[in-house]
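Residue numbers (my numbering): 183 to 522. Note that beta-carbon positions come from the ideal geometry of N, C-alpha and C, so glycine has one too. Small disclaimer: the values here were computed from a predicted structure and weren't measured. Reading through the structure tokens given below for one structure.
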């Protein structure tokens with residue numbers, strides 16, 4: 183399978199220092215998204231405004247808003263609604279993180295207290311609900327009614343993915359396809375929805391819309407697989423959360439699935455024994471980490487992420503050459519290098 187990332191783009195990739203550099207040419211539009219987030223989250227309710235300020239004052243990667251903007255501009259969009267819709271997509275992402283942290287009892291998010299840790303689960307549930315409902319309410323102002331269906335559908339899919347993951351928690355028989363189905367709904371669905379909205383705003387043909395949706399889906403899958411690999415090989419300071427946090431929360435991610443799929447070796451038997459004991463003290467965590475690093479599971483996982491990244495790049499390779507297409511291709515390559 184040929185790699186559609188041209189040498190010129192590879193040269194640019196080597197010059198990029200972080201993810202945001204890849205889409206630095208739309209920085210002005212992303213700043214407008216930040217302003218929209220502040221405006222849309224303001225409320226007469228002082229607590230809502232206080233938590234919203236806390237949430238949005240520390241910017242994340244803003245990959246989803248960037249995707250929507252890049253896809254719309256790739257297709258020649260000239261209006262302003264892409265800023266509005268990019269903010270709504272980020273609202274949905276933020277709401278999902280708030281609810282995820284409650285379910286996982288996670289105390290940290292992006293290197294600081296999670297909303298759940300700071301304000302408690304009851305307020306966090308309500309704040310997440312508020313952001314979801316606020317998103318759907320605001321989306322009705324769109325000149326493109328189809329985006330309402332896209333946003334409601336993706337919210338439902340994300341919740342389905344979360345429920346399935348919860349049902350499979352701690353299940354050592356989780357198959358690779360089960361895992362892919364979960365991350366497709368939990369993560370990749372919002373990536374592809376952002377790309378689809380960009381296409382809808384631009385009046386894209388069904389064929390072009392399909393290609394961008396496929397790009398977003400495969401990018402999201404590559405992103406999540408890479409994220410799950412970081413749980414085993416990342417640095418706590420960079421991640422903003424403890425190493426093996428997913429394992430502690432009962433998540434069976436791809437590195438574990440690969441490490442467990444052949445139980446013939448003594449190390450794999452030992453790994454299964456450690457996981458079944460559910461005694462995740464520092465010593466057992468260290469042993470689990472050593473086994474997974476030694477048996478090739480992380481390399482297998484990285485190859486899977488590379489395959490998804492390649493499919494994403496292939497999906498946009500047929501569009502005319504432009505700064506925006508180049509950024510989308512670079513983004514699919516760059517996320518494989520993430521350290522947080």
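For residue 487, the enclosing alpha helix (DSSP H) covers residues 479–498.
Counting C-beta pairs closer than 8 Å gives three or more between the region 393–408 and the region 374–383, which meets the contact rule. For residue 320, the closest of 285, 268, 298 by C-alpha to C-alpha distance is 268. If you draw a straight line from the Cα of residue 498 to the Cα of residue 332, it comes to about 21 Å.
Contact between the region 292–309 and the region 243–250 is absent: fewer than 3 CB-CB pairs across the two stretches fall below 8 Å. Under the three-state reduction of DSSP, residue 283 is assigned to helix. Comparing C-alpha distances from residue 256 to each of 517, 520, 275, 503 shows the shortest one belongs to 503. When C-alpha distances from residue 461 are compared across 409, 352, 284, the shortest belongs to 352. In this model, residue 439 and residue 484 are separated by some 13 Å (Cα to Cα).
Where residue 501 is concerned, there is no enclosing alpha helix (DSSP H), because DSSP gives it neither an H nor an E. Beta-bridge partners of residue 295 (DSSP): 290.
For residue 258, the secondary structure class from DSSP, reduced to helix, strand or coil, is coil. Distance from the CA of residue 490 to the CA of residue 228, rounded to the nearest whole angstrom, comes to 43 Å. Scanning 430, 486, 298, 472 for the CA closest to the CA of residue 450 turns up 472.
Residue environment for residue 325: exposed (fewer than 16 other C-beta atoms within 10 angstroms of its C-beta). In the DSSP assignment, residue 212 falls within the unbroken alpha helix (DSSP H) covering 209–223.
Rounded to the nearest whole angstrom, the CA to CA distance from residue 280 to residue 297 is 7 Å. Taking C-beta atoms as the reference points, residue 512 and residue 215 fail to come closer than 8 Å. Taking every protein chain shown into account, the CB of residue 221 has fewer than 16 other CB atoms within 10 angstroms, so this residue is exposed. By the CB criterion at 8 Å, residue 367 and residue 391 fall outside the cutoff.
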